[in-house]
Each structure stands twice: as C-alpha cells, then as structure tokens.
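Residue numbers (this note's numbering): 3 to 169.
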C-alpha cells in the first residue's frame, strides 16, 4: 500500500512538472476582432481585460481613411479620474490612427480602456484586433497546484516513515 502511495505521489510530481514545462515554453496565441462605429458625439470607450503575463498587440484600422481618430489606452482607475475631470496618465496615445499598432505588457492584470476621439462632425468605422501571446495563467496555476500536492504528499510520507523508524 505504501509503495502505491509513493508511486502516485511521484506520478503527480512528474505530471505537474510536465504541465509546467509545457506551459512555460509554449506561447499561447489569441486573436479577437471588434468592429466599432464612432461619431464625434459619442466617443467610444472600449473595455478589455488584460492579464499581466502576456504581451498584447492592439491593431487599429480606421475607415474611411480620411477620418482622423485618436486612440488613448488607459487603465480603469485612470478612466474614472478622466470622467470626473482630473488629469490622467495614459499608457499610450496614438494620433491619426490608421493601421497603427500598440504593443504593451500590462504592469498588472486589470481592465484597460481604449478611448477613441474624432474631429467634430466626423464618423468612422474602427476595427480593433487584439493579439495576445504568452503564458496560460490557468495551466500555470493548475500545474503549480499539482506539484504542491505531490511535494506535500512526499513530505508527509517521509515524516511518517521517519517517525515509524524511530519506534
């Protein structure tokens, strides 16, 4: 019985380490496309949750090409400050957006907002593509949990054998 428990714990450790290594050396790719219509009366605030262990590329295309759209990327806290009229510190500002790309790694997971601005009297269709590559956080957590359970089981088993040998 003890031999079966020992092999099971080692198997858990091997599975956890395999999952961890595959997660660390595999770049997960994600792409999402949004189509947004913007007028000068209603600047669109587009909300998206970004996680901190991935690299994000945001590609913005504007049509018609004569439209001038400015895009501002800010965090949710900064957005709340902007709504009440306080000064904000944007992550990035793109002027005259058309085919531009923003690349960033969030300093911490959170919700970030793209705010689009137009000149008075204009209308634009905006295509926003969000690409992300990086670690899969859920797999990283699961593999760490399996490794922890395996190591804890090995520790408990070693302590049990140590105290049993003293008797």
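Cβ coordinates follow ideal geometry from the N, Cα and C atoms, glycine included.
Being a predicted model, the structure only gives us computed values, none of them experimental.
query: Could you check what DSSP says for residue 124 in three-state terms: helix, strand or coil?; result: coil
query: Taking the straight line between their C-alpha atoms, what separation do you get for residue 152 and residue 133?; result: 35 Å
query: When the cut-off is 7 Å and only beta carbons count, does residue 119 lie next to chain C?; result: Note that chain C does not occur in the displayed structure, where there is just one protein chain.
query: What does DSSP give as the partner residues of residue 58 in its beta bridges?; result: 106, 134
query: Near residue 144, what residues of its chain come up, given a Cβ to Cβ distance below 8 Å and the 5 sequence neighbours on each side ignored?; result: 21
query: Residue 12: buried (16+ other C-beta within 10 angstroms of its C-beta) or exposed?; result: exposed
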